Amino acid sequence: MEKKKHKGSVVERKKEVLSSLENLGLSIYEQIDGGQFPSITMPSRSTENINYDPQLRQFILGDRRVKRSARNIRHLKPFAQLVWAALFSNELSSQRKTSTLRDVYYSAQAYEMTFKDQQESNNIITDLETVLGFSREDFNIFPEERSAVFGDLTIEYTVPGYEGKTMDLTSHPDGVMIGPALTSAEFVKTKADKVIAIEKGGLFTRFIEENVHRKFNALLVLTAGQAPRATRHFIRRLNEELKLPVYVFTDGDPWGMHIAMVIISGSANAAHLRELNTPDAKWSGVWATDIVNYKLPTDPLDEIDMKRLLELQKDPRYKEDPLWHREIKTFMKIKRKAEQEAFSRYGLTYIVDEYLPAKLEETR
Amino acid sequence: MAQTTFEEISAADFFYRNRDIAGFTNPSRAIFAAIRELVENSLDAAESLKIPPDVYVRLSYEGEASAETQIYKLRVEDNGMGIQPRHIPSAFGQILFGSKYKLKQQRGTFGLGGKMAILYGQITTHQAATITSSTGLAKIYMYKLMIDIQRNRPIILDRKVLINREQWRGTVVEFSLEGDYFRAMPRLLEYFKQTAMVNPYANLTFVDPKGRLYKFTRVTKEMPEPPKETKPHPYGVDVELLQRLIQLTSCKNLLEFLRVHFHRVGDITARKFLEFSNLSPSKNPKRLSHEEIVRLMHNLKKFKDFLPPDASCLSPLGEELLKAGIVKELRPEFVAVHQRKPATYAGHPFVVETGIAYGGEVPRRGSFILYRFANRIPLLYDEASDVSMRVITAMNWRRYKVMPDMPISIVVHICSTKVPYKTVGKEFIADRPEVRKEIANGLREVARQIQHFLSRREHVDRERKRLGVFSKYLPKIAQFSAQLAGKEKPPDIEKLLKSVRQFGEEEA
Ligand SMILES: Nc1ncnc2c1ncn2[C@@H]1O[C@H](COP(=O)(O)OP(=O)(O)OP(=O)(O)O)[C@@H](O)[C@H]1O
Ligand SMILES: [Mg+2]
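The listed protein sequences correspond, in order, to chains H and Y. Reminder that position 91 of the first sequence reads as 112 in the working numbering, one-by-one numbering, no gaps. Reminder that position 329 of the second sequence reads as 334 in the working numbering, one-by-one numbering, no gaps.
Have a look at this one:
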């Protein structure tokens with residue numbers, strides 16, 4: 022995988038997004054022009070319609086569809102909001118600008134379209150995703166929270182003003198933020214042969230300091246807690262386009278475990294979207310069994326942690342693999358949890374020198 | 006040991022000493038009570054002829070009396086029936102003299118009110134009262150009077166007879182009194198307003214000491230049927246009344262006595278009753294012993310077959326007039342009124358009329374505004390203790406979609422030959438089950454009507470809102486979709502809006 026050029030995938034996708042937005046407008050225009058109350062149908066996102074697909078190894082929406090009709094007074098406002106959101110996205114995309122969910126909320130006011138609150142405008146964006154089957158990042162709408170990447174990967178920007186410029190992702194020692202520009206960049210070349218995703222900023226920095234990227238020939242991704250969708254999509258692209266295996270390191274508790282799971286199998290909230298998950302990614306630690314085997318310093322699992330474990334036990338995503346079963350059981354048995362930093366008890370470099378290679382080997 | 010001395014005092018003396026009883030408690034109440042008594046006499050005098058009343062009241066400043074009180078001249082003029090000259094001195098100068106002791110609905114009852122006002126004026130200013138009256142015949146009579154308090158007799162200071170060229174009919178009462186008008190003012194104006202409300206056929210004019218004119222103009226000349234005089238109903242008699250009737254009667258036997266002196270007692274009923282009471286129909290009533298009279302009274306109350314009293318002795322306002330009065334004084338957006346069928350308590354017939362007014366100029370107070378009336382007189386004091394207030398508080402208004410924070414006024418009018426006042430103050434109605442039931446049913450009826458109105462309006466409102474939503478969002482959807490599709494101008498939405506309007510009409 023010395024040199025690879027994936028140019029084109031991002032630009033192609035942008036074209037598709039634009040034309041699907043226009044088609045949506047056209048369909049509504051024609052319905053009204055024909056003297057009909059316009060309507061839109063889309064897959065239902067109600068919990069009954071969210072199913073786990075073991076083949077795809079992610080949540081998907083079932084066959085149930087809902088109809089938004091402008092004849093129904095209760096649908097009217099969300100309908101108008103949806104069409105507005107489509108128009109707004111269209112303008113963003115064609116002007117090649119980006120915005121955040123927060124911007125969307127405020128921009129609406131300029132069109133005399135009001136959203137009750139941020140939640141309402143977020144929901145409309147999710148509706149638009151569902152209708153078109155693209156995720157909001159495709160419409161140039163990004164969430165607030167940002168994560169980062171570091172390692173031997175050269176990308177080429179497509180954002181205005183930077184078109185054609187390339188960058189090496191080792192050029193900044195804090196890593197490069199996975200924002201709109203990076204998300205829409207094409208991958209040019211890499212020497213890395215794996216991706217290591219890390220939950221916490223402290224450890225991400227430690228890994229860079231300790232030259233993990235070089236020692237292990239890896240791209241390092243900071244998820245910063247639960248990975249944002251742009252980051253999940255980015256990891257998937259690394260996996261798919263560059264064929265890099267992905268290893269996820271989290272805290273040793275139910276929440277960390279689930280961060281890994283969402284990267285692997287996606288979230289129910291995004292069941293209407295594809296290509297946000299990386300089914301072949303591996304959760305490499307910190308496992309409950311690691312806590313036992315490495316005799317890590319621990320804290321007790323509290324009531325909320327235990328409740329979460331019980332929930333996860335019933336979750337279809339966890340049914341798949343005996344690994345998850347074993348770990349949930351072990352957590353329940355030992356009733357303890359450990360942070361990634363807990364390895365410091367064996368010295369600051371122990372995690373890099375001992376633990377990491379062992380786990381990469383174990384979960385390969 | 007002190008010597009106990011006994012003396013007799015006259016009725017005038019008694020009320021002079023106990024003027025609180027009649028409402029002349031303090032300088033501000035006194036002004037209010039004096040005006041009220043004279044206005045009510047005037048309304049009675051006009052109504053008994055079924056003439057739409059014209060009452061003119063003027064209170065003018067005469068001078069200082071003390072730091073807080075002033076001396077005023079009060080003049081009340083009406084177009085009523087007038088008084089025959091020979092009765093004028095007693096009617097205005099002798100306490101407990103009057104023409105309204107009969108059993109029919111009238112405002113006045115005691116033969117006291119007008120005199121108390123004059124008496125109060127006399128004791129505070131030591132001046133005579135002037136009464137001018139004509140029954141519309143050739144002459145007008147003018148008397149200058151004072152009351153001899155110890156002997157309860159009028160003292161005539163002057164008497165004039167004038168030629169009645171204009172065929173004027175009515176009465177003018179004029180005298181001076183001490184009082185505190187500015188403290189009395191809010192209640193007094195409220196009194197006029199509420200009086201106008203239940204007397205919508207009357208013209209009331211009031212000129213206050215500052216020369217301000219308050220005019221309440223009639224909206225109709227229709228008047229309620231005047232009441233007919235009635236006899237006491239058997240259920241309502243007491244031993245005292247029986248004894249008085251026995252003394253007066255010329256009937257020679259009990260059968261005739263019952264038939265002649267009691268309301269709704271005919272030959273058959275009288276016979277049945279006498280059998281029930283084990284009394285001989287031929288017995289002379291004057292021969293009844295005291296014990297027999299007491300037993301007769303008890304049996305009269307016990308016997309089940311007397312017909313209930315009829316209501317011809319009552320003169321309720323009627324739904325039309327009540328509505329006119331409410332609309333005139335409250336200017337609401339909506340009004341509902343209801344008249345109950347006559348009912349009785351303890352042998353006394355009564356009729357309850359209710360009204361409810363909503364919106365318009367009715368203020369929003371956080372609780373309902375209650376207007377209470379008895380025999381077309383507003384009751385302004387002791388509202389909380391009144392049976393109407395209790396009924397309103399106990400009622401489940403929510404059922405009628407009525408909330409206390411709505412702009413709502415409630416009107417309750419009770420007419421009776423004997424209004425069941427709780428106290429001698431005549432300011433609130435006692436909580437008697439029969440009365441409570443009538444008021445409750447009357448209020449339920451108007452509540453149903455307002456519920457109907459409110460839900461209709463709600464529907465109209467909803468429809469307007471619905472159309473509003475469509476006219477707000479359809480154009481936007483049209484505009485956004487056109488822009489999105491890259492069209493020059495938005496598609497025509499008129500057709501869609503039309504169908505929205507049609508749909509709304511079908512619903513209604
Ligand atoms: N303006 C008037 N026009 C005609 N008659 C009047 C007028 N004012 C008083 N009278 C006569 O004088 C009588 C006495 O009046 P007064 O107000 O003292 O007693 P009342 O009205 O009979 O009873 P109440 O004490 O309840 O007022 C009345 O019964 C009535 O016959
Ligand atoms: Mg009177």
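Note that the Cβ used here is the ideal one computed from N, Cα and C, for glycine as well. Bear in mind the structure is a predicted one, so any value in this text is a computation, not a measurement.
Note on the region 205 to 284 of chain H: whole beta strand (DSSP E) runs with a minimum of 3 residues are 207 to 211, 215 to 219, 239 to 243 and 267 to 270, in chain order. For Val-474(Y), no beta strand (DSSP E) run applies; the uninterrupted alpha helix (DSSP H) run containing it begins and ends at 438 to 490, by DSSP.
If you ignore the 5 residues before and after Pro-495(Y), its C-beta comes within less than 6 angstroms of the C-beta of Ala-483, Gln-484 and Ala-487, all in its own chain and listed in chain order.
Among the CB atoms of chain H, one or more fall inside 8 angstroms of the CB of Gly-491(Y). At a threshold of 7 angstroms, Gly-98(Y) does not count as near ligand 2, since its beta carbon sits no closer than that to any of the ligand's heavy atoms. Neighbours of Ile-49(H) in chain Y, taken as residues at a C-beta separation under 7 angstroms, are given in chain order as Ile-482 and Ser-486. The contact set of Pro-59(H) on chain Y, defined by CB atoms closer than 8 angstroms, consists of Ile-482 and Ser-486 in chain order. When 8 angstroms is used as the limit between beta carbons, Tyr-478(Y) is near these residues of chain H: Ala-91, Leu-97, Lys-98, Phe-100 and Ala-101, in chain order. Taking a beta-carbon distance threshold of 8 angstroms, Ile-94(H) counts as an interface residue toward chain Y.
DSSP places Lys-165(Y) in the uninterrupted beta strand (DSSP E) bounded by 158 to 168. Short of 6 angstroms from the beta carbon of Pro-58(Y), and not among the five residues preceding or following it, lie these beta carbons of its own chain, in chain order: Leu-48, Ala-51 and Ala-207.
Measuring C-alpha to C-alpha distances from His-293(H) to each of Arg-235(H), Tyr-73(H), Ser-115(H) and Leu-241(H) identifies Tyr-73(H) as the nearest.
Residue contact with chain Y for Gly-154(H): absent (no Cβ-Cβ distance below 8 angstroms to any residue of chain Y). Residue Asp-173(H) holds the alpha-carbon nearest to the alpha-carbon of Thr-191(H) among Phe-208(H), Asp-173(H) and Glu-177(H).
Taking every protein chain shown into account, the CB of Phe-221(Y) has 16 or more other CB atoms within 10 angstroms, so this residue is buried. Between the C-alpha atoms of Glu-296(H) and Val-180(H) there is a straight-line separation of about 22 angstroms. Look at Glu-42(Y): its beta carbon is less than 7 angstroms from one of the heavy atoms in ligand 2.
Taken in chain order, the members of the region 108 to 126 of chain H whose beta-carbon sits within less than 7 angstroms of a beta-carbon on chain Y are Leu-108 and Asn-111.
Straight through space, the alpha carbons of Leu-167(Y) and Gln-89(Y) are spaced by roughly 14 angstroms. With its beta carbon less than 8 angstroms from one in chain H, Lys-500(Y) belongs to the interface. Exclusion of the five residues before and after Arg-257(H) leaves Glu-296, Leu-297, Asn-298 and Thr-299 as the residues of its chain whose Cβ lies within less than 8 angstroms of its Cβ. Under the Cβ criterion of 8 angstroms, Val-474(Y) is counted among the residues facing chain H. For a Cβ distance threshold of 9 angstroms, residue set Leu-489 of chain Y lies close to Leu-42(H), ordered along the chain. For the options Glu-432(Y), Ala-445(Y), Ser-476(Y) and Leu-489(Y), the alpha carbon positioned closest to that of Ala-27(Y) is the one of Glu-432(Y). One Cα belongs to Asp-138(H), the other to Ile-145(H), and the distance between them is close to 11 angstroms.
Cβ proximity to chain H below 7 angstroms picks out Arg-471, Val-474 and Phe-475 from the region 448 to 477 of chain Y. Val-396(Y) carries a helical assignment under DSSP once its states are collapsed to helix, strand and coil. Spatial neighbours of Lys-120(Y) in its own chain (CB-CB distance under 6 angstroms, excluding positions within 5 residues in sequence) are listed in chain order as Ile-100. In this chain, Phe-58(H) is not harboured by any beta strand (DSSP E), its DSSP state being neither H nor E. If you check the CB distance, Val-340(Y) and Arg-377(Y) do not come in under 8 angstroms.
Cβ atoms of Glu-358(Y) and Gly-447(Y) come within 8 angstroms of each other, at about 7 angstroms. Not one heavy atom of ligand 1 sits closer than 7 angstroms to the Cβ of Phe-20(Y). Relative to ligand 2, the beta carbon of Gly-118(Y) is positioned inside 7 angstroms of a heavy atom. Residue state for Arg-41(Y) is assigned as helix, using DSSP reduced to three classes. Using a CB distance cut-off of 8 angstroms, Ile-146(H) does not count as an interface residue toward chain Y. Comparing alpha carbon positions, the residue from Trp-345(H), Thr-211(H), Arg-347(H) and Ala-363(H) closest to Thr-319(H) is Ala-363(H).
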